[in-house]
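*Asks:*
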Amino acid sequence: MDGKTKDSFFGLSVALHKQTKGASRYLLLTGAPKEKAQPQLRVNETGAVYSCPITIDPSDCSRMDLVSSVAPNEIVEGMWLGVTVASQKDQWGGRVLACGHRYVKVVGPELSLWRMVGKCYVRGNDLTYDPTD
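Plus 846 on top of the position in the sequence shown (first one is 1) and you've got the numbering used here.
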């Protein structure tokens, strides 16, 4: 499977996740670091992470909503989101982590300094955003 975009590197990183909150199930989290961006972001390519139930249907993966907006001092184009995916699967209620190592933060006077610092997103056990994390 190529993800939604051919050559997205779907499957470059994978993690087995045990969901215990809400529905109890195992999921395969799969990175696609060259996946096209969501349309609302107005950039071409950010990468993505997919959540795939462990079934015989190869088309039942769904994209996790990680990058929902972009601040003026952020560059998410080509950030390779999904290059790293991890789960605290052995811990009850374990969280999920997904990273893009090429995320850029623009700082300094007149936003003149570009710093490639990378960015990770944490999601709760049920893959939703929790502001207390």
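Even for Gly, the Cβ is constructed at its ideal location relative to N, Cα and C. Since the model is a prediction, treat every value here as computed from it, not as a measurement.
Counting Cβ pairs closer than 8 Å, one from the region 926–938 and one from the region 868–883, do we hit at least three?
*Replies:* Short answer: they touch.
*Asks:* Just mark G868 as buried or exposed, buried being the case when its beta carbon has 16 or more other beta carbons within 10 Å.
*Replies:* On the sequence shown, position 22 is the one that residue 868 refers to. G868 comes out exposed.
*Asks:* Identify every run of the beta strand (DSSP E) within the region 878–930, keeping only runs that are complete inside it and at least 3 residues long; order them along the chain.
*Replies:* Every beta strand (DSSP E) stretch that sits fully inside the region 878–930 and reaches 3 residues is listed by chain position as 894–899.
*Asks:* Distance, Cα to Cα, A974 vs S915?
*Replies:* For the purposes of this step, residue 974 is taken as the residue at position 128 of the sequence shown. For the purposes of this step, residue 915 is taken as the residue at position 69 of the sequence shown. Checking the sequence, you will find Thr at residue 974 rather than Ala. For T974 and S915, the distance between alpha carbons rounds to 16 Å.
*Asks:* Using alpha carbons as the reference points, say which of T892, T866 and A861 lies closest to C898.
*Replies:* Here residue 898 corresponds to residue number 52 of the sequence shown, with the count starting at 1. Nearest option by C-alpha distance: A861.
*Asks:* Helix, strand or coil for L959, going by three-state DSSP, please let me know.
*Replies:* The sequence position of residue 959 within the sequence shown is 113, counting from 1. Looking at L959 - three-state DSSP - the assignment turns out to be strand.
*Asks:* So, at 7 Å on beta carbons, what are the nonlocal neighbours of L874 in its own chain, with the 5 sequence-adjacent residues on each side left out?
*Replies:* Taking the first residue of the sequence shown as position 1, residue 874 is located at position 28. Taken in chain order, the residues that qualify are V860, L862, C898 and I900.
*Asks:* According to DSSP, is H863 part of a helix, a strand, or is it coil?
*Replies:* Mapped onto the sequence shown, residue 863 falls at position 17. Looking at H863 - three-state DSSP - the assignment turns out to be strand.
*Asks:* Taking the CB atoms as reference points, tell me whether V895 and G877 lie closer together than 7 Å.
*Replies:* Taking the sequence shown and counting its residues from 1, one reaches residue 895 at position 49. Taking the sequence shown and counting its residues from 1, one reaches residue 877 at position 31. Yes.
*Asks:* Please report the distance separating the alpha-carbon of M910 from that of P918.
*Replies:* In the sequence shown, residue 910 corresponds to position 64, counting from 1. In the sequence shown, residue 918 corresponds to position 72, counting from 1. Each residue's alpha carbon lies about 23 Å from the other.
*Asks:* If we call anything under 7 Å between Cβ atoms a contact, is T866 one with G954?
*Replies:* Taking the sequence shown and counting its residues from 1, the one referred to as residue 866 is at position 20. Taking the sequence shown and counting its residues from 1, the one referred to as residue 954 is at position 108. Cβ distance not < 7 Å, so T866 and G954 don't count as in contact.
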